[in-house]
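Visitor: Residue numbers (this note's numbering), protein chains in the order written: chain B, 1 to 766; chain F, 1 to 139; chain V, 1 to 117. Glycine included, every Cβ here is placed at the ideal spot set by N, Cα and C. Source: prediction; values computed, not measured. Before anything else, here's the structure in question.
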Amino acid sequence: MFLLLSVALIFMAAFATPAIARFIPHKQRFLFALVPATSFALICSKASDIAQGLAISEDYTWIPAFDINLNFRLDGLSFLMALLITGIGALILTYASGYLKGYEANTRFYTIIQIFMAAMLGLVLSDNLIAMFIFWELTTVSSFLLVGFNHENPDARKKALQALIVTAGGGLAMFAGILLLGNVAGTYQVSELITHAEMIKNHKLYEAIVILICLGAFTKSAQFPFHFWLPNAMAAPTPVSAYLHSATMVKAGVFLLARLTPVLGGTSFWLHLLVYVGGFTMILAASLGLIYRDLKKILAYSTLSVLGIITLLIGMGTEFSFKAAIMMLFAHALYKATLFMVAGSIDHETGTRDITRLRGLRKVMPWTFAAAGLAALSQAGFPPFTGFLAKEYFYGSALDHNMKILLISSAFISSMFLFVLAFKIGFHPFLGRENKKIHAHEAPPTMLIGPVTLGLLSLLFGLFPGPIAKYILSPALASFNTTFHPVKLKLWHGVNTALILSLITLTCGFGLYKLRKKIRQNATGVDDKLNIQFDQSFANGLESFIKFAKWSTKLIQSGSLRSYMIITISAFAGLLLYILLYVGGMPEFYKFSHVKPITLAFLVALAIVTIVACTTLSRMTALLSLGVIGFGITLIYMMYGAPDLAFTQILVETLTVVMFMVVIHKLPRFKDFSTRRKKAFDAIFASIVGMTVTFLVIKAQNLSSKNPVSQIYAETSYLEAHGRNVVNVILVDFRAFDTFGEIVVLSIAGLGVSLLMRNNKKEDTE
Amino acid sequence: MHSVIIILSARLLCPILMAMAIAFLYRGHNDPGGGFIGGLLFTAALILKILAIGAEEFEKHLWMQPKNFLSSGLIMAASAGIMPLFVGKAFLESLWFPTFTLPILGKVHIGSPLLFDLGVFMVVIGFVLTVVIDFEEAA
Amino acid sequence: METLIAILIGILFAGGVYCLLQRSLVRLVIGIMLIGQGANLLTFAASGLTRKHTAIIKSGETILQAPHADPLPQALVLTAIVIGFGFTAFCLALLHRTYKTLGHDDLEKFNTTDTDK
Chain B
1 MFLLLSVALI FMAAFATPAI ARFIPHKQRF LFALVPATSF ALICSKASDI
51 AQGLAISEDY TWIPAFDINL NFRLDGLSFL MALLITGIGA LILTYASGYL
101 KGYEANTRFY TIIQIFMAAM LGLVLSDNLI AMFIFWELTT VSSFLLVGFN
151 HENPDARKKA LQALIVTAGG GLAMFAGILL LGNVAGTYQV SELITHAEMI
201 KNHKLYEAIV ILICLGAFTK SAQFPFHFWL PNAMAAPTPV SAYLHSATMV
251 KAGVFLLARL TPVLGGTSFW LHLLVYVGGF TMILAASLGL IYRDLKKILA
301 YSTLSVLGII TLLIGMGTEF SFKAAIMMLF AHALYKATLF MVAGSIDHET
351 GTRDITRLRG LRKVMPWTFA AAGLAALSQA GFPPFTGFLA KEYFYGSALD
401 HNMKILLISS AFISSMFLFV LAFKIGFHPF LGRENKKIHA HEAPPTMLIG
451 PVTLGLLSLL FGLFPGPIAK YILSPALASF NTTFHPVKLK LWHGVNTALI
501 LSLITLTCGF GLYKLRKKIR QNATGVDDKL NIQFDQSFAN GLESFIKFAK
551 WSTKLIQSGS LRSYMIITIS AFAGLLLYIL LYVGGMPEFY KFSHVKPITL
601 AFLVALAIVT IVACTTLSRM TALLSLGVIG FGITLIYMMY GAPDLAFTQI
651 LVETLTVVMF MVVIHKLPRF KDFSTRRKKA FDAIFASIVG MTVTFLVIKA
701 QNLSSKNPVS QIYAETSYLE AHGRNVVNVI LVDFRAFDTF GEIVVLSIAG
751 LGVSLLMRNN KKEDTE
Chain F
1 MHSVIIILSA RLLCPILMAM AIAFLYRGHN DPGGGFIGGL LFTAALILKI
51 LAIGAEEFEK HLWMQPKNFL SSGLIMAASA GIMPLFVGKA FLESLWFPTF
101 TLPILGKVHI GSPLLFDLGV FMVVIGFVLT VVIDFEEAA
Chain V
1 METLIAILIG ILFAGGVYCL LQRSLVRLVI GIMLIGQGAN LLTFAASGLT
51 RKHTAIIKSG ETILQAPHAD PLPQALVLTA IVIGFGFTAF CLALLHRTYK
101 TLGHDDLEKF NTTDTDK
């Protein structure tokens with residue numbers, strides 16, 4: 001119940017929010033943070049189990065026939081993610097209560113972000129890949145709603161749509177990958193897939209599975225060449241960017257990669273794919289970040305870069321690199337959420353995010369500056385922050401790896417750039433001379449709790465890494481190794497290559513930071529070109545897709561009922577003929593015997609009347625012919641032992657004629673719209689269909705079932721249902737549910753008729 | 001339009017047709033008949049009346065709105081379905097009272113299928129009346 | 001005899017299909033009605049026909065004795081007749097309204113969803 005509860009709690013809170021919110025004044029809306037805080041506490045209560053390397057599982061059957069179940073599993077990796085989601089979630093909601101105070105629609109914000117939160121929590125806790133995929137798509141959809149939160153702004157809508165198309169498209173590819181994986185291994189449970197890992201890696205579909213699943217992960221985590229949506233998603237309100245686009249959702253991709261490493265990882269295909277994509281993203285994004293002036297754009301690019309680092313580290317596939325990946329993920333969540341919230345506060349209090357205009361805010365916004373400074377130092381990799389630990393592991397694992405030279409150099413470049421990006425946000429706006437044109441003031445307490453807490457944690461966990469090693473790193477490593485052994489984490493490893501590299505990075509980074517203005521000025525335009533190219537090709541692709549859709553729609557849906565009819569009916573008749581002739585052979589024509597001349601005459605008359613009904617140009621003749629056909633069929637029912645049918649039919653025919661009589665003058669006269677040739681075609685076509693149906697009936701009459709369904713009805717009708725008229729007993733007892741459905745349909749049809757006719761009347765009187 | 005023949009025959013035939021309709025409804029379980037046939041016959045009687053006196057006049061005489069026939073029919077059928085749930089049977093499973101004997105009808109069986117059939121009867125009446133009155137008024 | 005009924009059903013279907021392919025709305029309704037009749041008869045006749053035997057248990061007997069008409073298609077057709085009636089009524093109402101709104105009944109001209117006059 002426990003894991004289900006922690007997810008369901010947030011879902012329920014989300015759905016209750018619209019009703020509750022009206023009783024909570026805007027100032028008190030930080031109370032919403034209590035919801036994720038409760039889940040956080042629930043998950044924390046299992047810390048001691050997790051620290052011993054245990055995993056907690058809860059299984060709920062959902063669709064067992066398809067092996068789709070709600071299997072929640074809390075192990076080291078999901079424990080870390082769950083803590084980030086709920087913990088940072090609580091702080092973000094507090095922050096949002098200050099940030100969105102003025103917004104009209106902030107109830108909507110709380111609802112959607114809580115749905116997102118619950119979905120994200122479900123995603124990391126699901127052991128079943130299908131269930132995980134459903135939560136995954138739910139995060140995509142809720143993130144779409146959040147990016148497009150300012151839906152009155154067309155630009156925000158466009159960017160939200162772009163994010164949706166990219167991530168949902170990747171999600172679909174991933175779904176295909178999951179299905180393939182499930183087919184190959186026979187299960188969707190990650191914990192069971194691990195036992196089949198060798199078989200999966202040797203399977204001929206292995207590469208396809210990896211590519212498809214990586215498409216999902218790369219789009220979600222915005223890896224090159226899908227990186228462009230993340231900077232664009234900055235159109236979202238800042239609390240959303242802080243939460244979705246740094247701490248949680250974009251981590252879903254790397255989380256999935258980490259989760260599936262024991263299943264799919266360890267091959268050279270996996271290694272090269274992840275290392276090259278991750279490495280390229282990390283350098284490209286970090287260098288692009290250098291040339292931007294918008295605080296949130298800079299943050300977005302540095303996030304991209306770190307996501308690239310994590311992908312690369314997971315791809316490297318050693319225990320050391322995995323450790324580094326976990327540390328990087330953890331450290332990044334802490335400092336990047338802080339920096340986003342700081343950027344939001346600056347934007348909120350000064351009205352601008354342009355760093356060329358922001359100077360000297362340290363005096364008016366001291367607390368914000370403190371938080372920003374702590375987080376920036378962590379990102380830059382100064383000891384003793386968690387960011388330093390992460391970078392040390394990054395360098396350490398790179399030195400350990402057989403692709404040493406490549407990895408070290410790229411790690412060095414990206415770390416240096418990340419240093420510059422950190423300082424551009426954490427220090428640049430606060431230091432220097434005040435910009436007199438900007439009137440700023442300190443952010444309200446609700447907007448300070450989050451950044452200050454997370455900033456301090458960045459420092460504290462760096463100074464005292466013991467709890468991290470015990471509760472997070474060791475258990476998370478167990479998800480990778482599949483065996484558990486405790487890991488120690490130390491701040492000081494003595495003077496080694498990694499430390500020296502770190503120090504060089506810091507020095508070079510600082511030098512580069514001093515040159516930041518020059519870089520930006522020289523590179524102006526490059527960013528736009530690059531960005532526009534990606535945006536443009538995305539837009540072009542989308543446009544040609546829509547064109548194709550329009551073209552194919554036009555092709556299939558010509559708007560002519562006649563051609564629809566011909567297609568539908570010929571498909572029906574064609575399939576029927578195929579089955580009848582090729583599977584069953586020609587029907588036997590017999591039972592022509594004992595036909596009285598009078599019956600023959602009767603049937604021929606009916607046939608002639610049918611033809612008259614179809615071809616007459618007089619409405620009255622058509623109506624009368626229909627009546628004659630109806631009464632003729634009544635006779636057939638009567639002859640063959642169906643008095644109930646005969647009664648019903650004769651009454652219905654009478655009523656139909658009455659009904660037609662009432663409206664016939666209102667109906668248009670028959671007109672011949674079709675040409676002679678068309679009519680000839682129609683007649684031939686219709687005859688073929690008619691013949692097919694005749695074949696079908698004859699065929700069916702020749703078949704006899706050994707145990708007809710009716711046998712049961714015939715035997716139990718009187719004894720169990722107390723009725724001698726078996727037809728009626730079937731209607732009101734044996735198959736009463738069908739009849740019930742039918743009278744519901746009849747009622748709806750009646751209301752529909754009423755609506756159509758009454759509306760008319762209203763228009764007439766107007 | 002309001003011909004004397006129709007008015008007279010309506011006056012004469014209506015009660016007979018209605019009585020027949022109810023008889024058909026009741027005997028449907030053992031002989032040809034039932035809710036559908038009974039309902040159609042009943043409306044045939046009512047339509048005769050409509051043809052005789054016109055839809056607007058008819059609506060004034062009608063003791064229940066056509067749409068209420070629909071809803072009350074559905075409620076009857078649904079309650080025939082729900083009743084068995086209280087005695088631990090499935091939805092729409094039949095439920096019978098003990099047989100008793102009445103002077104004219106002889107042995108009487110009353111149970112939920114009869115109520116269900118009555119629901120069908122009402123819905124059919126409601127449907128046809130709705131349609132015919134609306135068409136008549138539009139014409 | 002059954003074969004003759006089968007041919008009649010074929011003719012009903014053929015007539016119905018022919019009407020469906022015409023461009024006039026009224027014909028469309030007639031086509032639907034003809035196919036409805038044909039389909040009812042098809043269901044009724046498909047399981048074979050028995051003459052002069054109903055699906056009613058004779059008094060004094062407790063089960064339906066062999067030769068008897070098949071009660072199940074009868075029950076199906078009975079509901080189908082009534083539903084068909086409902087459908088026809090609905091089609092008529094729709095036809096009436098369409099004609100009123102658009103002023104014509106040429107199906108080939110029904111290419112747009114806009115009915116603003």
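1. Identify the residues that DSSP records as bridge partners of Thr453(B): which are they?
2. Let's test the definition: count the other Cβ atoms within 10 Å of the Cβ of Ala300(B) and tell me whether it reaches 16, buried, or not, exposed.
3. Indicate the three-state DSSP secondary structure (helix, strand or coil) for Thr101(F) in the structure shown.
4. Within its chain, find whatever has a CB closer than 7 Å to the CB of Leu139(V); leave out the 5 residues flanking it on each side and keep chain order.
5. Say whether chain F places a C-beta atom closer than 8 Å to the C-beta of Met659(B).
6. Would you call the CB atoms of Phe320(B) and Gly396(B) closer than 8 Å?
7. Verify the CB distance criterion: does Leu78(V) have a CB-CB separation below 8 Å to chain F?
8. Do Leu49(V) and Ile5(V) have their C-beta atoms closer together than 8 Å?
9. Closest to Thr691(B) by CA distance: which of Lys671(B), Ala573(B), Val595(B), Ala469(B) is it?
10. Need the endpoints of the alpha helix (DSSP H) that Ile813(B) sits in, please.
11. Quick check: the Cα distance between Trp270(B) and Pro262(B), rounded to an integer number of angstroms?
12. Whole angstroms is fine: what's the gap from Ile310(B)'s alpha carbon to Gly741(B)'s?
13. Quick one: does Val82(V) have its CB under 8 Å from some CB of chain F?
14. Using CA coordinates, which residue listed in Phe97(F), Asp134(F), Asp117(F), Glu136(F) is at the minimum distance from Ile743(B)?
15. On the criterion of 16 or more Cβ atoms from any shown chain inside 10 Å, does Lys159(B) qualify as buried, or is it exposed?
16. Quick check on Asp116(V): does DSSP put it in helix, strand or coil?
17. Taking the continuous beta strand (DSSP E) assigned at Asn69(B), which residues delimit it?
18. Identify each residue in the segment 615-642 of chain B for which the Cβ-Cβ distance to at least one residue of chain V is less than 8 Å, and report them in chain order.
19. Beta carbons nearer than 9 Å to chain C: which residues of the segment 22-35 of chain F have them?
20. Give every residue of the same chain whose Cβ lies closer than 7 Å to the Cβ of Ala21(B), excluding the five residues on either side of it in the sequence, and list them in chain order.
21. Got a sec, what are the start and stop residues for the beta strand (DSSP E) Ser57(B) sits in?
22. Determine the direct distance from the alpha carbon of Ala19(F) to that of Glu59(F), and round the result to whole angstroms.
23. At the level of alpha carbons, what is the spacing between Ser747(B) and Lys550(B)?
24. Would you list, in chain order, the members of the segment 72-86 of chain F that have their beta-carbon closer than 9 Å to a beta-carbon of chain B?
25. Between Phe90(V) and Pro73(V), what straight-line distance do the alpha-carbon atoms span, to the nearest angstrom?
26. For Ile128(F), which residues in chain B fall below 9 Å Cβ to Cβ?
27. In whole angstroms, give me the CA-to-CA distance for His401(B) and Ser287(B).
28. Is there a Cβ from chain B that is less than 8 Å from the Cβ of Phe116(F)?
29. Relative to chain F, which residues along the segment 49-76 of chain V have a C-beta separation below 7 Å, given in chain order?
30. Round the Cβ separation of Leu307(B) and Gln189(B) to the nearest angstrom and send it over; I've been treating them as touching at under 8 Å.
31. Can you check the segment 467-498 of chain B for any alpha helix (DSSP H) of at least 4 residues that lies completely inside it and give the ranges in chain order?
32. Thinking C-alpha only, which one of Phe91(F), Ile75(F), Leu74(F) is nearest Ile82(F)?
33. Report the rounded CA-to-CA distance for Ala8(B) versus Ala16(B), giving the unit in angstroms.
34. Could you name the residues of chain B that Val120(F) contacts, counting a contact when the two beta carbons are closer than 7 Å?
35. Does the beta carbon of Ile119(V) sit closer than 8 Å to a beta carbon anywhere in chain B?
36. If we call anything under 8 Å between Cβ atoms a contact, is Ala118(B) one with Phe11(B)?
Guide: Quick look at the numbers:
1. Counting from 1 along the first sequence, the entry for residue 453(B) is found at position 453. Paired residues: none, contrary to the question.
2. Against the first sequence, residue 300(B) aligns to sequence position 300. Result: buried.
3. Along the second sequence, read from residue 1 onward, the residue named residue 101(F) stands at position 101. Note: Thr101(F) maps to strand in three-state DSSP.
4. Within the shown structure, residues of chain V are numbered from 1 to 117, placing residue 139(V) beyond reach of any answer.
5. Along the first sequence, read from residue 1 onward, the residue named residue 659(B) stands at position 659. By this cut-off, Met659(B) is an interface position.
6. In the first sequence, the residue the question calls residue 320(B) occupies position 320. In the first sequence, the residue the question calls residue 396(B) occupies position 396. Yes, the pair counts as a contact, with Cβ atoms nearer than the cut-off.
7. In the third sequence, residue 78(V) corresponds to position 78, counting from 1. Interface residue, yes.
8. Here the question's residue 49(V) lines up with position 49 in the third sequence. Here the question's residue 5(V) lines up with position 5 in the third sequence. For Leu49(V) and Ile5(V), yes; Cβs fall inside 8 Å.
9. In the first sequence, residue 691(B) corresponds to position 691, counting from 1. A small fix is needed here, since residue 691(B) is Met in this sequence, not Thr. Closest by alpha carbon: Ala573(B).
10. This structure does not reach residue 813(B), given that chain B is present from 1 up to 766, and the question cannot be answered.
11. What you label residue 270(B) is simply residue 270 of the first sequence in a count that begins at 1. What you label residue 262(B) is simply residue 262 of the first sequence in a count that begins at 1. Those two C-alpha atoms are separated by around 11 Å.
12. Translated into positions along the first sequence, residue 310(B) becomes position 310. Translated into positions along the first sequence, residue 741(B) becomes position 741. Spanning the two alpha carbons is a distance of roughly 57 Å.
13. For the purposes of this step, residue 82(V) is taken as the residue at position 82 of the third sequence. It does: the Cβ of Val82(V) has a partner Cβ on chain F nearer than 8 Å.
14. The residue labelled residue 743(B) in the question sits at position 743 within the first sequence. Answer by Cα proximity: Asp117(F).
15. Counted from its first residue, the first sequence places residue 159(B) at position 159. Classification for Lys159(B): buried.
16. Sequence index remark: in the third sequence, residue 116(V) carries index 116 (1-based). For Asp116(V), the predicted structure reports a pLDDT of 44, less than 50, and the residue's modelled location is therefore unreliable. The matter cannot be settled from this model.
17. Locating residue 69(B) in the first sequence gives position 69, where the first residue counts as 1. Element bounds for Asn69(B): 68-74.
18. Arg619, Ala622, Leu626, Ile629, Gly630, Ile633, Ile636, Tyr637, Met639, Tyr640, Gly641, Ala642
19. Judged by its chain identifiers, the structure shown contains no chain C, and its protein chains are B, F and V.
20. The residue you call residue 21(B) lines up with position 21 of the first sequence. Same-chain partners within the cutoff: Thr107, Tyr110.
21. On the first sequence, position 57 is the one that residue 57(B) refers to. Where Ser57(B) is concerned, the enclosing beta strand (DSSP E) stretches over 56-63.
22. In the second sequence, residue 59(F) corresponds to position 59, counting from 1. In the second sequence, residue 19(F) corresponds to position 19, counting from 1. Between Glu59(F) and Ala19(F), the C-alpha separation is close to 21 Å.
23. Taking the first sequence and counting its residues from 1, one reaches residue 747(B) at position 747. Taking the first sequence and counting its residues from 1, one reaches residue 550(B) at position 550. The alpha-carbon atoms of Ser747(B) and Lys550(B) are separated by roughly 38 Å.
24. Gly73, Leu74, Ala77, Ala78, Ala80, Gly81
25. In the third sequence, counting from the first residue as 1, residue 90(V) sits at position 90. In the third sequence, counting from the first residue as 1, residue 73(V) sits at position 73. So the two alpha carbons sit approximately 25 Å from each other.
26. The residue given as residue 128(F) occupies position 128 in the second sequence. Residue identity differs from the one stated: residue 128(F) is Val in this sequence, not Ile. Ordered by position in chain B, the residues that pass the 9 Å Cβ test against Val128(F) are Leu655, Met659, Gly750.
27. Counting from 1 along the first sequence, the entry for residue 401(B) is found at position 401. Counting from 1 along the first sequence, the entry for residue 287(B) is found at position 287. His401(B) and Ser287(B): Cα-Cα distance of roughly 25 Å.
28. As a first step, residue 116(F) must be located in the second sequence, where it is residue number 116. Chain B, which has a Cβ nearer than 8 Å to the Cβ of Phe116(F), makes this yes.
29. Ile56
30. As a first step, residue 307(B) must be located in the first sequence, where it is residue number 307. As a first step, residue 189(B) must be located in the first sequence, where it is residue number 189. Contact doesn't hold; Cβ gap of about 27 Å is too wide.
31. 474-481
32. Here residue 82(F) corresponds to residue number 82 of the second sequence, with the count starting at 1. The residue with the shortest Cα to Cα distance from Ile82(F) is Phe91(F).
33. For the purposes of this step, residue 8(B) is identified with residue 8 of the first sequence, where counting begins at 1. For the purposes of this step, residue 16(B) is identified with residue 16 of the first sequence, where counting begins at 1. The alpha-carbon atoms of Ala8(B) and Ala16(B) are separated by roughly 12 Å.
34. Taking the first residue of the second sequence as position 1, residue 120(F) is located at position 120. In chain order: Thr739, Ile743.
35. Since the displayed chain V opens at 1 and closes at 117, residue 119(V) lies outside it and no answer follows.
36. Along the first sequence, one-based indexing puts residue 118(B) at 118. Along the first sequence, one-based indexing puts residue 11(B) at 11. Contact: yes.
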